[in-house]
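*Asks:* What follows is a single structure, and I will ask about it in a moment.
Numbering (our numbering), first residue to last: 814 to 972.
Here's what the structure looks like:
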């Protein structure tokens with residue numbers, strides 16, 4: 814009889830410890846869920862913002878003759894800086910890198926270039942025959958003034 818009383822007294826503090834551990838664990842899970850939700854919202858905002866960024870090889874952006882240069886930006890890309898398909902697994906693509914660096918000011922990236930980075934110690938002769946990835950760079954710009962007028966002829970008014 815005495816031994817069952819002692820066992821019950823030892824079980825009460827153990828239950829209390831387990832209850833405290835469970836409460837702390839559940840509280841930690843909600844913090845992780847909040848972090849995941851915040852990261853997802855941030856990624857959605859970046860995706861929406863980068864869709865509007867134009868990427869061009871040359872120095873002119875069609876319809877926007879005036880802009881100010883924000884600065885150089887570099888990112889990972891496919892074999893073309895303006896590619897949009899697929900997933901870049903090494904880090905930020907060119908558009909996302911420009912957005913992270915300059916924010917909503919970025920309207921376009923001009924004068925882009927792309928190069929292959931070999932995973933090996935020696936340079937690759939042909940990018941698709943060696944292991945590696947592509948990086949690209951350009952100048953992030955912000956449009957100023959009004960857009961260039963449309964080159965399409967206006968339709969006469971219907972009579």
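The C-beta atom is built at its ideal place from N, Cα and C for all residues, glycine as well.
Give me the Cα-Cα distance between residue 954 and residue 830, rounded to the nearest whole angstrom.
*Replies:* One-based indexing of the chain shown puts residue 954 at position 141. One-based indexing of the chain shown puts residue 830 at position 17. Each residue's Cα considered, the two are about 59 Å apart.
*Asks:* Between the region 908-919 and the region 870-878, can you find at least three pairs of beta-carbon atoms closer than 8 Å?
*Replies:* No, they do not touch.
*Asks:* How long is the line joining the alpha carbons of residue 852 and residue 924, rounded to whole angstroms?
*Replies:* For the purposes of this step, residue 852 is taken as the residue at position 39 of the chain shown. For the purposes of this step, residue 924 is taken as the residue at position 111 of the chain shown. Answer to the nearest angstrom: the Cα atoms are 31 Å apart.
*Asks:* Assign residue 881 to buried or exposed, taking buried as 16 or more other Cβ atoms, counted over all protein chains shown, within 10 Å of its Cβ.
*Replies:* Here residue 881 refers to the residue found at position 68 of the chain shown. With fewer than 16 Cβ atoms within 10 Å of its Cβ, residue 881 is classed as exposed.
*Asks:* According to DSSP, is residue 851 helix, strand or coil?
*Replies:* For this step, residue 851 is matched to residue 38 along the chain shown. If DSSP states are grouped into helix, strand and coil, residue 851 belongs with the helices.
*Asks:* Rounding to the nearest angstrom, what Cα-Cα distance links residue 874 and residue 855 in this structure?
*Replies:* What you label residue 874 is simply residue 61 of the chain shown in a count that begins at 1. What you label residue 855 is simply residue 42 of the chain shown in a count that begins at 1. Answer to the nearest angstrom: the Cα atoms are 28 Å apart.
*Asks:* In angstroms with no decimal places, state the Cα-to-Cα distance between residue 948 and residue 849.
*Replies:* Taking the first residue of the chain shown as position 1, residue 948 is located at position 135. Taking the first residue of the chain shown as position 1, residue 849 is located at position 36. Each residue's Cα considered, the two are about 28 Å apart.
*Asks:* Return the bridge partner residues of residue 872 from the DSSP annotation.
*Replies:* In the chain shown, the residue the question calls residue 872 occupies position 59. Residue 872 is not bridged to any residue.
*Asks:* Tell me which residues share the same chain as residue 859 and place their Cβ nearer than 8 Å to its Cβ, disregarding the 5 neighbours each side in the sequence.
*Replies:* The residue labelled residue 859 in the question sits at position 46 within the chain shown. The answer, listed in chain order, is 909, 912, 913.
*Asks:* Note down, in chain order, each residue of its chain lying with its Cβ closer than 7 Å to the Cβ of residue 863, except the 5 sequence neighbours on either side.
*Replies:* By one-based count along the chain shown, residue 863 stands at place 50. Result list for residue 863: 908, 909, 912, in chain order.
*Asks:* How many Å lie between residue 928 and residue 876 at the Cα?
*Replies:* Here residue 928 refers to the residue found at position 115 of the chain shown. Here residue 876 refers to the residue found at position 63 of the chain shown. C-alpha separation (whole angstroms): 28 Å.
*Asks:* Between 956, 846, 946, which has its C-alpha nearest residue 920's C-alpha?
*Replies:* For this step, residue 920 is matched to residue 107 along the chain shown. Residue 956 is the option with its Cα nearest to residue 920.
*Asks:* Please report the distance separating the alpha-carbon of residue 946 from that of residue 885.
*Replies:* For the purposes of this step, residue 946 is taken as residue 133 along the chain shown, with counting starting at 1. For the purposes of this step, residue 885 is taken as residue 72 along the chain shown, with counting starting at 1. Spanning the two alpha carbons is a distance of roughly 20 Å.
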